[in-house]
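Novice: Attaching a single structure in structure tokens format; questions to follow.
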Amino acid sequence: MSKDTLDISISCSSEAHERAVAVATTALSGLAGIGAAAAVAISFIHPAQAQDFQSEMDTLFGSVCGSGGPGCNSLGVAGGPGGQVEVQGGGQPPGIEQRLREAQCDADKNANCLQPGGAAADTMPFEGLNLFVSGDYQHKFYDGSAEANFDSDRGGITVGLDSPMSWGLIGGALNYNYTSGEFDHDGGDFQQNSFGGLLYGSYYPSDSSFIDGVIGLAGKGYTIDRLVVANGNFFGKARGDTLGFEFQSSVSGGYDFSFDNFTIGPRLGIHYLRTELNDFSETGSPLALHYEDQAKDSLTSTAGFQGSVAISTSFGVVVPQVNAEYVHEFLNDRRTIHATASDGSPVNFVTDRPDRDYFNVGAGVVFVLPEGISPFLNFSAEVANRFEETQTVTAGVRLEM
């Protein structure tokens, strides 16, 4: 039996044993976020009861574990959603990332974005403050092996103020996100609110190179509702509410090769994300659980390219962009989440080991218009990740003040 998926053995009276089995069959549900959150499989069961427990859970969850399907542990036992901290590495916040891309097209060093003719002469960079507002929508689907599946939707808004400098760009932004999701098999639902601030900037070592940096801190509020089923009986809904925070930092850079109105260049980045969650106790069910503090770290590297072409028109300059990057995860790993039942019995369960290698791809367009107005639109997707799929749409506008 795997050490990772069975942390507790029980040897006690038949009454205590039945109580432990009842706790073990609880469909645990938990947190997810913006991205996304994940669920985890229960790894708490007396080995002698594995066969009966399997039959019980096959009835409740539609025999999803016949051959080790989603949401099953090494015993072939279906697990419901569980307390979870979301981590989404691999890049900068969508609104800030798009703003920094757009800034590369209105800086003096990238004047090739602003083609002669048409309205280009009216759209040269303004040496003053820029206000930008962006909104983003993300859909995420998680298909785990140790964790229960879920779908989530996240909406966010970012408002920032920055200023061009002789050496680059510096600015700050406020960001709000709301995430709502549902677990498969009617296992429950979750919501997450996040509000925080970010500082960002760019440094231009030469006319063709740049280094971007982002640092941010956000407070998070979580609400989790899960259906509690034990021994074939329904024990109502258990609700958990708690708070947490997220710290992120990111450094990336690139070099641009220009050919007339076409620009292409490599991109490299390193991104760190730490998410912490306070302990919390569920209410509303006799089989409610208490979850201990949780913390999760993600360190990802990205390597890819970005290409753009500047098209001068009668109303301004249109700059279509494409990008792709390879992502490698260094820190995020399988972990054990600790909880206790109402009688003090410990309940330990484990998460999936995340996919360490996947890709992000995207395409978008920036409009550089007269009077210092620059709308932008971008679509990105996470691909080749064996556990999850995400699609993100970001739209916004930059205004010269």
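Quick note on numbering: the numbering used here labels position 29 of the sequence shown as 30, and the sequence is numbered without any gaps.
The beta carbon of each residue, even a glycine, is placed where N, CA and C say it ideally should be.
1. Within 10 Å of its beta-carbon, does serine 203 have 16 or more other beta-carbons around it, so buried, or fewer, so exposed?
2. Return the chain-ordered list of same chain residues with a C-beta closer than 6 Å to the C-beta of glycine 161, the five sequence neighbours on each side being excluded.
3. Taking 6 Å as the cut-off, is the beta-carbon of glutamate 383 closer than that to any non-hydrogen atom of the ligand SAM?
4. Give the DSSP bridge partners of asparagine 194, in chain order.
5. Return the chain-ordered list of same chain residues with a C-beta closer than 6 Å to the C-beta of glycine 169, the five sequence neighbours on each side being excluded.
6. Going straight from the alpha carbon of glutamate 103 to that of valine 384, what length do you get?
7. Beta-carbon separation of glycine 233 and glycine 217 under 7 Å?
8. Taking the alpha carbon of lysine 141 as the point to measure from, which residue in Glu183, Ser207, Ser286, Phe211 has its own alpha carbon closest?
9. Looking only at its own chain, which residues have a Cβ that is under 7 Å from the Cβ of valine 88, when we skip the five neighbours before and after it?
10. Aspartate 294 to arginine 336, Cα distance in whole Å?
11. In the DSSP output, which residue or residues are listed as bridge partners for glutamate 148?
12. In this structure, how does DSSP classify aspartate 187 when only helix, strand and coil are distinguished?
13. Which whole-angstrom value describes the C-beta separation of threonine 393 and glutamine 193, a residue pair presumed to lie in contact below a C-beta threshold of 8 Å?
14. Quick one: grab the DSSP three-state call for proline 94.
15. Could you say which of Thr391, Ser146, Gly237, Phe350 lies nearest to threonine 284 if we only look at CA atoms?
16. Cutting at 6 Å between CB atoms, please list the residues of its own chain near phenylalanine 248, excluding the five before and the five after it.
17. With DSSP as the reference, label arginine 387 as helix, strand or coil.
18. Look at the Cβ atom of tyrosine 143, then the Cβ atom of glutamate 330, and state whether they are nearer than 7 Å.
19. Leucine 278 and glycine 245: beta carbons closer than 7 Å?
20. Express the C-alpha separation of alanine 147 and histidine 291 in angstroms, rounding to a whole number.
21. Please classify leucine 199 as buried or exposed, where buried requires at least 16 neighbouring CB atoms within 10 angstroms.
22. Measuring alpha carbon to alpha carbon, tell me which of Thr243, Leu400, Glu98, Asp152 ends up nearest threonine 391.
23. So, under 8 Å CB-CB, valine 318 and valine 366 are touching, yes? Tell me the CB distance rounded to an integer number of Å.
24. Spatial neighbours of serine 410 within its chain, please: C-beta separation below 6 Å, excluding the five flanking residues on both sides.
25. How is leucine 400 classed by DSSP in three states: helix, strand or coil?
26. Should alanine 340 and valine 328 be called a contact, given that it needs their Cβ atoms to be closer than 7 Å?
27. Going by DSSP, what residue range makes up the beta strand (DSSP E) through threonine 301?
28. What are the start and end residues of the beta strand (DSSP E) that includes leucine 269?
29. DSSP state of alanine 104, grouped into three classes?
30. Which residue from Ile265, Ser286, Gly241 puts its Cα closest to that of glycine 305?
31. What span of residues does the beta strand (DSSP E) with serine 253 cover, start to end?
Specialist: Quick look at the numbers:
1. Label assigned to serine 203: buried.
2. Excluding the 5 residues flanking it on each side, glycine 161 has same chain C-beta neighbours closer than 6 Å at Phe133, Gly172, Ala174, in chain order.
3. With respect to the ligand SAM, the structure shown offers nothing to examine, as it has no ligands at all.
4. DSSP, once it has assigned bridges, lists Tyr179, Gly222 as partnering asparagine 194.
5. Closer than 6 Å at Cβ, skipping near neighbours: Ser203, Tyr204, Tyr205.
6. C-alpha separation (whole angstroms): 24 Å.
7. Between glycine 233 and glycine 217, the C-beta gap is not smaller than 7 Å, which leaves the two residues out of contact.
8. Closest by C-alpha distance to lysine 141, out of Glu183, Ser207, Ser286, Phe211, is Glu183.
9. Residue confidence for valine 88 is low, a pLDDT of 42 falling below 50, so the modelled location carries little weight; the figure read from the coordinates is stated next. Answer for valine 88: Leu274, Thr276, Lys297, Ser299, Asn333, listed in chain order.
10. A straight-line Cα-Cα distance of about 13 Å links aspartate 294 and arginine 336.
11. As computed with DSSP, glutamate 148 is found in no beta bridge at all.
12. Aspartate 187 falls in the helix class under three-state DSSP.
13. The C-beta distance from threonine 393 to glutamine 193 rounds to 16 Å, too long to meet the 8 Å contact threshold.
14. Reduced to three states, the DSSP call for proline 94 is coil.
15. Nearest to threonine 284 by alpha-carbon distance, out of Thr391, Ser146, Gly237, Phe350, is Gly237.
16. The answer, listed in chain order, is Leu218, Arg275.
17. Of the three classes helix, strand and coil, the one that applies to arginine 387 here is coil, per DSSP.
18. Not a contact, by the Cβ cut-off of 7 Å.
19. Yes. Within cutoff.
20. CA-CA distance, histidine 291 to alanine 147, rounds to 21 Å.
21. By the 10 Å Cβ count, leucine 199 comes out buried.
22. For the set Thr243, Leu400, Glu98, Asp152, the Cα lying nearest the Cα of threonine 391 is the one of Asp152.
23. Not quite, the Cβ-Cβ distance comes to about 11 Å (not below 8 Å), so this is no contact.
24. This structure leaves residue 410 out entirely; the chain is present only between 2 and 402.
25. Strand at leucine 400.
26. No, Cβ-Cβ distance for alanine 340 and valine 328 is not below 7 Å.
27. Where threonine 301 is concerned, the enclosing beta strand (DSSP E) stretches over 295–310.
28. Segment 263–278, the beta strand (DSSP E) holding leucine 269.
29. In the three-state reduction of the DSSP assignment, alanine 104 falls in the helix class, which pools H, G and I.
30. Ranking Ile265, Ser286, Gly241 by Cα distance to glycine 305 puts Ile265 first.
31. DSSP places serine 253 inside the beta strand (DSSP E), whose first and last residues are 234–256.
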